[in-house]
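A.B. asks: Can you keep this structure in mind? I'll have questions shortly.
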Amino acid sequence: MGVPAFFRWLSMRYPKIVAGCVEELQIDVDGTEIPIDATAPNPNGVEFDNLYLDMNGIIHPCTHPEDRPAPTTEREMFDEVERYVDRIMRIVRPRKVLF
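When you number the sequence shown by our numbering, it's gap-free, plus one each residue, and the end is 492.
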């Protein structure tokens, strides 16, 4: 269980912790997705050693999306969570730890 309104409090108290980011998109060649080289330098110009995820903040929007129908099976839910975590990994590119 997360701490209610913690992110809102934290981001209002320390507004510089929220920043925009550059997201490289995967290239599709003849129906085959070419993966992004996560060992390349981060396109955001900042390198991160560690990434700590709050899965409550990932699972809920994946299972109750605002822009499309909700997943109907548990497998679809897991696929959405995996896709989201992969997306975060491509953006942040932690060098040492994912926790």
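Backbone N, C-alpha and C fix where the C-beta goes; we use that ideal spot for every residue, glycine too.
Just so you know, these numbers come straight off a predicted model, no measurement behind them.
Let me confirm a value: R461 is counted as buried when at least 16 other C-beta atoms fall within 10 Å, else exposed. Which label applies?
C.D. replies: The residue you call residue 461 lines up with position 68 of the sequence shown. With fewer than 16 other Cβ atoms within 10 Å, it is exposed.
A.B. asks: How about the stretch 476 to 486 and the stretch 428 to 437: do they share at least three Cβ pairs that are nearer than 8 Å?
C.D. replies: yes
A.B. asks: In its own chain, which residues sit with a C-beta less than 7 Å from the C-beta of E417, not counting the 5 before and 5 after it?
C.D. replies: Taking the first residue of the sequence shown as position 1, residue 417 is located at position 24. These residues qualify, in order along the chain: I429, P436, R483.
A.B. asks: Answer yes if the stretch 468 to 475 comes into contact with the stretch 418 to 427, meaning at least three C-beta pairs across the two stretches below 8 Å, and no otherwise.
C.D. replies: With a cut-off of 8 Å, the stretch 468 to 475 and the stretch 418 to 427 do not count as touching, because too few Cβ pairs lie within range.
A.B. asks: Would you kindly work out how many angstroms separate the C-alpha atoms of V396 and I451, rounded to a whole number?
C.D. replies: Walking along the sequence shown from the start, residue 396 turns up at place 3. Walking along the sequence shown from the start, residue 451 turns up at place 58. Our two residues, V396 and I451, have alpha carbons roughly 14 Å apart in a direct line.
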